[in-house]
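Residue numbers (this note's numbering): 5 to 232. Here's the structure, in structure tokens; my notes come after.
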């Protein structure tokens, strides 16, 4: 029951609820961002209403107030835009990753090939690293979603909080992978030895990594808070 939750102000502008605790066992802090609207310090996307009652004590919103505050977002933040962008990006990166073993098999069957220059070899390795780093956070996040669909209580377990933190770490590594993918484009396009297919491949992979990173940013994967 909402009216059974005890709300305390630990310092000006900071409230805690005894029954709402983080993965560290301590009460989650809520900071006031607007009059009556308080934001979760560990997750800025979560907001609630807290009001003072007739006795001057703080309490959470009751049935007359929404527990979720719906905010209008820009068109590029809409799920109808972000979801197709994410699916297209992951599909592009996944196809790129799957092409590596196929290209190795093709080279083995077609006989000796001309050796790549050191620059192109570096660019190819950069693309492989970028593809793997970009897939890791989404693969783990997909596993978390599957676990949640199988058991909705999974999201309340400490294991889920730890895995979400790992997703954040992998998302930051994916940012580094995006930088590596951009460097692969920089190495490939000016090189006259690179084929048109290699150039288009490097550009498509870099754009896919950029789009996946943008969605990760909008999805708060790159928000870091030590009190999570």
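Heads up, the beta-carbon is just placed ideally off N, CA and C, and yes, glycines get one too.
Measuring CB atoms only, is the segment 154 to 168 touching the segment 195 to 205, in the sense that at least three cross pairs come out at less than 8 Å? The segment 154 to 168 vs the segment 195 to 205: no contact.
Going by DSSP, name the residue or residues bridged to residue 197. Start at 1 with the first residue of the chain shown, and residue 197 comes out as number 193. Per DSSP, residue 197 has no beta bridge partner at all.
Quick check: residue 143 and residue 213, are their CB atoms within less than 8 Å of each other? The count along the chain shown starts at 1 and reaches residue 143 at position 139. The count along the chain shown starts at 1 and reaches residue 213 at position 209. No Cβ-Cβ contact shorter than 8 Å links residue 143 with residue 213.
What is the C-beta distance between residue 81 and residue 222, in whole angstroms, given that I count them as a contact (C-beta under 8 Å)? Here residue 81 is taken as the residue at index 77 of the chain shown, counted from 1. Here residue 222 is taken as the residue at index 218 of the chain shown, counted from 1. About 6 Å; that satisfies the 8 Å criterion.
Suppose the cutoff is 6 Å on Cβ atoms and the five residues either side in sequence are ignored; what does the same chain contact list for residue 211 look like? Taking the first residue of the chain shown as position 1, residue 211 is located at position 207. Correct list: empty, nothing qualifies.
What does the Cβ neighbour count give for residue 180, buried or exposed, with the cut at 16 atoms within 10 Å? For the purposes of this step, residue 180 is identified with residue 176 of the chain shown, where counting begins at 1. By the neighbour-count rule (16 or more Cβ atoms within 10 Å), residue 180 is not buried but exposed.
Rounded to whole angstroms, what's the CA-CA distance from residue 53 to residue 191? Just pull it up for me. Taking the first residue of the chain shown as position 1, residue 53 is located at position 49. Taking the first residue of the chain shown as position 1, residue 191 is located at position 187. The straight-line gap from Cα to Cα measures roughly 52 Å.
Should residue 31 and residue 22 be called a contact, given that it needs their Cβ atoms to be closer than 8 Å? Along the chain shown, one-based indexing puts residue 31 at 27. Along the chain shown, one-based indexing puts residue 22 at 18. Contact flag set, yes.
Spatially closest choice to residue 55 from 64, 48, 103, by CA coordinates: Position 51 of the chain shown holds residue 55. Ranking 64, 48, 103 by Cα distance to residue 55 puts 64 first.
Does DSSP put residue 109 in a helix, a strand or coil? Here the question's residue 109 lines up with position 105 in the chain shown. It is helical.
Start and end of the beta strand (DSSP E) containing residue 44? Position 40 of the chain shown, counted from the start, is the residue given in the question as residue 44. Boundaries of the beta strand (DSSP E) harbouring residue 44: 41 to 44, taken from the DSSP string.
Tell me the residue span of the alpha helix (DSSP H) that contains residue 162. The residue you call residue 162 lines up with position 158 of the chain shown. Taken as a continuous stretch (DSSP letters only), the alpha helix (DSSP H) holding residue 162 covers 162 to 192.
Simplified DSSP state of residue 88, which is helix, strand or coil: Residue 88 sits at position 84 when you count from the first residue of the chain shown. Helix at residue 88.
Measuring CB to CB, does residue 19 end up less than 8 Å from residue 11? In the chain shown, the residue the question calls residue 19 occupies position 15. In the chain shown, the residue the question calls residue 11 occupies position 7. Yes; because the gap between Cβ atoms is below 8 Å, this pair is in contact.
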